[in-house]
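To start, the structure itself, in structure tokens.
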Ligand SMILES: Nc1ncnc2c1ncn2[C@@H]1O[C@H](COP(=O)(O)OP(=O)(O)O)[C@@H](O)[C@H]1O
Ligand SMILES: CC(=O)N[C@@H](CCC(=O)OP(=O)(O)O)C(=O)O
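Residue numbers (full-length UniProt numbering): 1 to 311.
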């Protein structure tokens, strides 16, 4: 069950003001404040120690290098305190940049990339190469231990072409072999997974990274699936951040998709949340990867951030 009850009080006493420091945001905190915050995180640290959490980091939230470093630091912190994170990444905007450089037009249908042969080559090179190894490097620099793989490695993601949709080499996942990922997390590594898969003939297939993260979370029976994107959550009006849904159930998300309120890249996100909830993942969240420390706020506070989708 997902805990949303906070055992200790949120307020920090004003008594201790010695050794005052200033944060990047200009707020002044005493040493006492700092250790109090840490102490209040204890129930969450205990709750999630040893638990696997699948975090999908979308390309839309990776655009700012400083924010990206912040996300990676938070990920390494979670790993250092005993959480077992698995990072599944996207990279759609980076793929678009390289397609553009090569004079190939990027096209989407229902949030999925129309992937012809040349586009598939670029997708594989960008996701399994540039983006994957870039994230591995950042994790290593932040003091974590990362291993970058794609869905082809050890057959993690097997897929078949979504022939009926007419969108080319786009993969529908047929099976997940999570043995390698389990071995890596049990040995203290952070697996970094690119969503490029292969079919039975070895044909590379482009799998949407949200869907890959959801299936991997389900296969690992993860405690949580957290999708980090570039909006604060599911919005009623996607141009108005004040219209965020704090919580949705599966039925409500289906209605929002049918009404066209959830559209584009948000469709695979809510679909993978609902699918992995049905397969035993306890909680799924869509959060804003551009908001500083959103990952830690989701994991270590009562309020959380973003939209929680429940069964
Ligand atoms: N109801 C909605 N609420 C929030 N975002 C939505 C909604 N409908 C569509 N979107 C779009 O979904 C996008 C997120 O999907 P996507 O661009 O694929 O992100 P990522 O690269 O993180 O996977 C948002 O930037 C937004 O434009
Ligand atoms: C089939 C399909 O759409 N694949 C995605 C894979 C990358 C991805 O999902 O990246 P984001 O998470 O940044 O959107 C694509 O080619 O863009």
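The beta-carbon is built from N, C-alpha and C at its ideal position, and this holds for glycine as well.
Taking 8 Å as the cut-off, one finds no heavy atom of ligand 1 near enough to the beta carbon of residue 163.
Residue 191 sits in a strand when the DSSP states are folded into three classes. The segment 22-70 contains, as complete alpha helix (DSSP H) runs of 4+ residues, the segments 31-40, 42-48 (chain order). The beta carbon of residue 304 sits closer than 6 Å to the beta carbons of 298 from its chain, once the five residues preceding and following it are set aside; these are given in chain order.
Taken from the Cβ of residue 110, every heavy atom of ligand 1 lies 8 Å or farther away.
A distance below 9 Å separates the beta carbons of residue 234 and residue 248. Between residue 48 and residue 83 a beta carbon distance of about 5 Å is seen, short of the 8 Å cut, so the two are scored as contacting.
Excluding its 5 nearest sequence neighbours in each direction, residue 135 has C-beta neighbours in its own chain below 8 Å: 57, 72, 87, 89, 146, 148, 192, listed in chain order.
Look at residue 132: its beta carbon is at least 8 Å from all of the heavy atoms in ligand 2.
Using a Cβ distance threshold of 9 Å, residue 93 and residue 63 count as a contacting pair. One Cα belongs to residue 229, the other to residue 33, and the distance between them is close to 30 Å. For residue 128, no alpha helix (DSSP H) encloses it, and the DSSP letter there is neither H nor E. Residue state for residue 163 is assigned as helix, using DSSP reduced to three classes.
Along the length of the segment 74-127, whole alpha helix (DSSP H) runs at least 4 residues long occupy 92-101, 117-124, reported in chain order. Of all alpha-carbon atoms in 152, 287, 79, 137, the one lying nearest the alpha-carbon of residue 196 is that of 152. Put simply, the backbone Cα of residue 184 is about 7 Å away from that of residue 190. With a threshold of 16 other beta carbon atoms within 10 Å, residue 186 falls short and is exposed. Under DSSP, residue 299 takes part in no beta bridge, so it has no partner.
The C-alpha of residue 103 lies about 16 Å from the C-alpha of residue 113. The three-state secondary structure of residue 247, taken from DSSP, is strand.
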